[in-house]
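Visitor: Have a look at the structure that comes next, please.
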Amino acid sequence: MNKLPAFVPAAAPPTWLGVMGGGQLGRMFAHAAQAMGFKVAVLEPAADCPAGQVADELIVASYDDAAALAALAQRCVAVTTEFENVPADSLALLAARSFVAPSSACVSIAQDRAAEKRFFVDCAPSSGVMPAPHHLIACSADIDAIADHLLPGILKTVRMGYDGKGQARVASRDELRAAFAAGGGVPCLLEKMLPLAYEVSVLTARGEDGEAVVYPIAENVHRDGVLFTTTVPGPNVSAAHALQAQDAARAMIGRLGYVGVLCIEFFVLTDGRLVVNEMAPRPHNSGHYTMDACITSQFAQQVRAMARLPLGDVRQHSPAVMLNILGDVWFDDTSTASREPAWDQVLELPGACLHLYGKEAARPGRKMGHITFVAPTLAQAQAQLQAACAILGIAA
Ligand code: ATP
Ligand code: MG
27 MNKLPAFVPA
37 AAPPTWLGVM
47 GGGQLGRMFA
57 HAAQAMGFKV
67 AVLEPAADCP
77 AGQVADELIV
87 ASYDDAAALA
97 ALAQRCVAVT
107 TEFENVPADS
117 LALLAARSFV
127 APSSACVSIA
137 QDRAAEKRFF
147 VDCAPSSGVM
157 PAPHHLIACS
167 ADIDAIADHL
177 LPGILKTVRM
187 GYDGKGQARV
197 ASRDELRAAF
207 AAGGGVPCLL
217 EKMLPLAYEV
227 SVLTARGEDG
237 EAVVYPIAEN
247 VHRDGVLFTT
257 TVPGPNVSAA
267 HALQAQDAAR
277 AMIGRLGYVG
287 VLCIEFFVLT
297 DGRLVVNEMA
307 PRPHNSGHYT
317 MDACITSQFA
327 QQVRAMARLP
337 LGDVRQHSPA
347 VMLNILGDVW
357 FDDTSTASRE
367 PAWDQVLELP
377 GACLHLYGKE
387 AARPGRKMGH
397 ITFVAPTLAQ
407 AQAQLQAACA
417 ILGIAA
């Protein structure tokens, strides 16, 4: 493949990178880009947002504002996204004037569960992995055609789902009908409920020259549909499963012709089968451990990929456990008043790396930050996790 010139950081005039979205992933992207000498512009409708607080320029506008998109594209040599629900049309518009990675075509697949499932099925001959059995429900009449074996299942909206939002667990066809109606009749997928042994994710990145890298496999524990911890190396993950998931991820990112960081979630079933769940066209919560435990963080990798720089070493130098910090820890069970968690005590724990996202208002369930515990052994990192949970009042 012909190699196009890289976008190298420069001081005068500065080299600007752009990001669609102002959340924590955009903030950590900006930190990584700035550390490498780039300037960062963020486009986001909310004036006070985690990425806007650290960006060199914040363009406050809706994601489909043509003038704002033109300003972003004019300023930035390359633009990326920090959330999958960015309008694909906006990315296409940006691509007319700037280098956009990942592409609008790749993001459109990841933001549509039906297209995503089709991609996984198409890719199965080379990836060796299938998604969960599923059925598209575009209208209530489709419910009659559902095969019995898909129940009990999980009804998921085709678009805009994240952190378990837009999902309903249904045991029967009647419950399915009710859940579909309660969701307003928007297009959904019914997925068969599978017996999970554990969950893993594979973070991968690919450059425009076709070179791809795959990070160590991460084992994830969810609570109430939200990621709770990520452990690497995963205590349950066999070498064979790790290899199978990593090979599948490599096949998928290659087939997409993807440029950037892509995270693919898998289930390992109780019978040992590997099933692909979904993918995120951006750095992922389960990849936060790379910031403190790998040579190249997922955000530095995102910068390298979009700037057409060589991809960085994905080697993990320390076992790690990542704990998500939700707004719940600002409240105790008995009070509605918020308190500041005892970060001083948490930081006393050896190997604790605290990341807070600059969100002022703590609300239950809101992702406020994360802590990664790195240690010479996994057992030590896990012990620090337990200690931190005790300090923060999180049931371990
Ligand atoms: P996120 O954006 O946080 O990854 P999401 O809202 O996109 O989540 P999924 O990843 O599809 O949703 O599902 C959330 C969680 O629900 C999964 O991590 C898994 O624990 C459980 N889950 C989803 N689908 C199934 C299934 N088919 N069988 C069993 N459990 C499932
Ligand atoms: Mg998921």
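Everything in the sequence shown is counted per the working numbering, starting at 27 for the first residue and increasing by one. Just so you know, even glycine gets a beta-carbon here, dropped at the ideal spot from N, CA and C.
Within 10 Å of its beta-carbon, does residue 402 have 16 or more other beta-carbons around it, so buried, or fewer, so exposed?
Guide: The residue given as residue 402 occupies position 376 in the sequence shown. Residue 402 is exposed by the Cβ-count criterion.
Visitor: Does ligand 4 have even one heavy atom less than 7 Å from the beta-carbon of residue 197?
Guide: Ligand 4 is not part of this structure, which contains only ligand 1 and ligand 2.
Visitor: Would residue 340 be called buried (16 or more neighbouring beta carbons within 10 Å of its own) or exposed?
Guide: Along the sequence shown, one-based indexing puts residue 340 at 314. It counts as buried.
Visitor: Report yes if the C-beta of residue 187 is less than 7 Å from at least one heavy atom of ligand 1; otherwise report no.
Guide: Sequence index remark: in the sequence shown, residue 187 carries index 161 (1-based). Residue 187 Cβ: within cutoff of ligand 1.
Visitor: Look at the alpha carbon of residue 73 and the alpha carbon of residue 265, and state the distance between them as a whole number of angstroms.
Guide: Start at 1 with the first residue of the sequence shown, and residue 73 comes out as number 47. Start at 1 with the first residue of the sequence shown, and residue 265 comes out as number 239. Each residue's Cα considered, the two are about 46 Å apart.
Visitor: Closer than 7 Å: is that where the CB of residue 229 sits relative to any heavy atom of ligand 1?
Guide: What you label residue 229 is simply residue 203 of the sequence shown in a count that begins at 1. Not so, every heavy atom of ligand 1 lies at least 7 Å from the Cβ.
Visitor: Just to confirm my understanding: we take residue 146, look at its own chain, exclude 5 residues before and 5 after, and list those with CB closer than 6 Å. What are they?
Guide: The sequence position of residue 146 within the sequence shown is 120, counting from 1. Correct list, in chain order: 157, 302.
Visitor: I'd like to confirm the pairing. Which residues does DSSP put opposite residue 430 in its beta bridges?
Guide: Residue 430 lies beyond the residue range present for the chain, which begins at 27 and ends at 422; the question has no answer from this structure.
Visitor: Let's test the definition: count the other Cβ atoms within 10 Å of the Cβ of residue 321 and tell me whether it reaches 16, buried, or not, exposed.
Guide: Position 295 of the sequence shown holds residue 321. By the neighbour-count rule (16 or more Cβ atoms within 10 Å), residue 321 is not buried but exposed.
Visitor: Exposed or buried, what is residue 398 when buried is set at 16 or more other beta-carbons lying within 10 Å of its beta-carbon?
Guide: One-based indexing of the sequence shown puts residue 398 at position 372. Residue 398 comes out buried.
Visitor: Within a Cβ cutoff of 6 Å, which residues of the same chain sit near residue 135, ignoring the five residues on either side of it in sequence?
Guide: The sequence position of residue 135 within the sequence shown is 109, counting from 1. 141, 142, 145.
Visitor: Would you check if the stretch 296-311 and the stretch 195-203 touch, i.e. whether three or more CB-CB distances between them fall below 8 Å?
Guide: Touching, no, given that fewer than three Cβ pairs across the two stretches are closer than 8 Å.
Visitor: What's the gap between the Cα of residue 84 and the Cα of residue 178?
Guide: To locate residue 84, count along the sequence shown from 1; it is residue 58. To locate residue 178, count along the sequence shown from 1; it is residue 152. Looking at the two C-alpha atoms, the distance is approximately 46 Å.
Visitor: My output table needs one value for residue 137: the three-state DSSP class, helix, strand or coil.
Guide: Residue mapping note: residue 137 aligns to position 111 of the sequence shown, counting from 1. Reduced to three states, the DSSP call for residue 137 is coil.
Visitor: Does at least one heavy atom of ligand 1 sit under 7 Å from the Cβ of residue 504?
Guide: In this structure the chain extends from 27 to 422, so residue 504 is not present and cannot be described.
Visitor: Straight-line CA distance for residue 411 to residue 79?
Guide: One-based indexing of the sequence shown puts residue 411 at position 385. One-based indexing of the sequence shown puts residue 79 at position 53. About 29 Å.
Visitor: Less than 8 Å separating the beta-carbons of residue 308 and residue 51?
Guide: Along the sequence shown, one-based indexing puts residue 308 at 282. Along the sequence shown, one-based indexing puts residue 51 at 25. Cβ atoms of residue 308 and residue 51: closer than 8 Å.
Visitor: With respect to 7 Å, is the separation between the Cβ of residue 143 and the closest non-hydrogen atom of ligand 1 below this value?
Guide: For the purposes of this step, residue 143 is taken as the residue at position 117 of the sequence shown. No, since every heavy atom of ligand 1 falls outside the 7 Å radius drawn around the Cβ of residue 143.
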